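Structure record follows, encoded as structure tokens.
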Amino acid sequence: MNINNYIVYIFFLSYKNLVKITVFSFLLIFLFLKPNFANSDELNIFGLGLYDFNKKKNEAIDFRFERRLDKKIFDLGPSVEPLYTIKPFYGIEITSDGAAYGLGGFYVEEKISRKIYLTPSFGGGLYSNGDGKDLGNVVQFRSTLELSYEIPSGDRIGLSIGHISNASLGNKNPGTEILSLSYQSSF
Numbered sequence: 015m016n017i018n019n020y021i022v023y024i025f026f027l028s029y030k031n032l033v034k035i036t037v038f039s040f041l042l043i044f045l046f047l048k049p050n051f052a053n054s055d056e057l058n059i060f061g062l063g064l065y066d067f068n069k070k071k072n073e074a075i076d077f078r079f080e081r082r083l084d085k086k087i088f089d090l091g092p093s094v095e096p097l098y099t100i101k102p103f104y105g106i107e108i109t110s111d112g113a114a115y116g117l118g119g120f121y122v123e124e125k126i127s128r129k130i131y132l133t134p135s136f137g138g139g140l141y142s143n144g145d146g147k148d149l150g151n152v153v154q155f156r157s158t159l160e161l162s163y164e165i166p167s168g169d170r171i172g173l174s175i176g177h178i179s180n181a182s183l184g185n186k187n188p189g190t191e192i193l194s195l196s197y198q199s200s201f
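In the numbering used here, the protein residues as written are 15 to 201.
Laid out in structure tokens, this is it:
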């Protein structure tokens with residue numbers, strides 16, 4: 015079973031078991047796939063944030079894992095010297111109140127100074143609200159803007175703000191915002 019099928023399968027399980035399964039899954043991924051991460055330009059993103067931080071009604075802690083692949087999907091701009099390269103990512107977010115969101119999408123990474131990166135991203139996926147905020151539909155989209163700083167080890171520390179919404183696919187579309195700190199490594 016590939017990772018995309020695995021993420022979809024998780025959403026059909028009870029949300030009470032979702033946190034246990036997610037933690038166990040990440041342990042398995044890092045035990046068995048760690049050799050593939052070595053010496054890679056691909057990044058593993060570990061995020062901790064405030065879910066629905068601006069509304070004060072459904073606040074929760076947001077835990078995020080993303081894998082940013084270093085595979086060019088296509089370039090934007092002239093073929094001789096493209097302005098931006100579009101690359102894929104996939105990941106999962108879970109909250110302290112049992113909400114879970116598995117997604118995949120695209121990102122652009124722009125090095126704006128010697129050690130600072132600006133990374134906008136957009137993706138879509140499946141959402142289960144658990145005991146958390148009802149976002150009005152299983153299908154959700156996330157847009158994120160991140161600023162990260164490269165530390166001496168080559169890893170990065172980032173700050174991001176993201177918005178999750180069903181793009182009016184459901185009868186209601188309350189959306190949510192997430193403010194996150196992240197540690198980014200290629201291990």
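By construction, the Cβ of each residue, glycine as well, lies at the ideal position given by its N, Cα and C atoms.
In this text the structure is predicted, and so the values were computed from the model without any measurement.
**Item:** Buried versus exposed, by CB contacts within 10 Å (16 or more), Asn58
**Value:** When all chains shown are included, Asn58 counts as buried.
**Request:** Let me know the secondary structure DSSP gives Glu123 once reduced to three states.
**Result:** coil
**Asked** For Asn185 versus Ser179, is the C-beta spacing smaller than 7 Å?
**Response** No, they are not a contact pair.
**Outcome for Asn72 when other beta-carbon atoms lying within 10 angstroms are tallied against a minimum of 16** = buried
**Asked** Nearest to Ser174 by alpha carbon, out of Asp55, Asn151, Tyr65?
**Response** Of Asp55, Asn151, Tyr65, the residue nearest in Cα terms is Tyr65.
**Message:** For Ala181, count the other beta carbons within 10 Å of its own beta carbon; 16 or more makes it buried, fewer makes it exposed. Which is it?
**Reply:** exposed
**Prompt:** Does the Cβ-Cβ distance between Glu160 and Thr190 come in under 7 Å?
**Reply:** Not a contact, by the Cβ cut-off of 7 Å.
**Request:** Would you give the residue range spanned by the beta strand (DSSP E) that Pro6 belongs to?
**Result:** Here the chain has residues from 15 to 201 only, and residue 6 is not among them.
**Item:** Touch test, the segment 118-125 against the segment 143-153, Cβ-Cβ under 8 Å, three pairs minimum
**Value:** no
**Asked** Can you give the Cα-Cα distance for Ser110 and Asp145, rounded to whole angstroms?
**Response** 9 Å
**Prompt:** If we count the other Cβ atoms within 10 Å of its Cβ and call it buried at 16 or more, is Glu95 buried or exposed?
**Reply:** Residue burial annotation: Glu95 is exposed, with fewer than 16 other C-beta atoms found within 10 angstroms of its C-beta.
**Prompt:** Going by the C-beta, is Arg170 closer than 6 Å to any heavy atom of the ligand MN?
**Reply:** The model on display carries no ligand, and the ligand MN is accordingly not part of it.
**Asked** Looking only at its own chain, which residues have a Cβ that is under 6 Å from the Cβ of Glu80, when we skip the five neighbours before and after it?
**Response** Ile59, Phe103, Gly105
**Item:** Per-residue burial, Gly168 [other beta carbons within 10 Å of its own, 16 or more giving buried]
**Value:** With a 10 Å radius around the Cβ and a threshold of 16 neighbouring Cβ atoms, Gly168 comes out exposed.
**Asked** Can you tell me where the beta strand (DSSP E) with Ile100 in it begins and where it stops?
**Response** 98-109
**Request:** State buried or exposed for Lys101, treating a residue as buried only when at least 16 other CB atoms are found within 10 Å of its CB.
**Result:** buried
**Request:** Give the straight-line distance between the Cα atoms of Arg82 and Lys70, rounded to the nearest whole angstrom.
**Result:** Distance between the alpha carbons of Arg82 and Lys70: 31 Å.
**Asked** Apart from the five residues just before and just after Ser157, which ones in its own chain have a Cβ nearer than 6 Å to its Cβ?
**Response** Same-chain partners within the cutoff: Phe136, His177.
**Asked** Is there a Cβ from chain C that is less than 7 Å from the Cβ of Tyr115?
**Response** Going by chain labels, chain C is absent from the structure shown, which holds only one protein chain.
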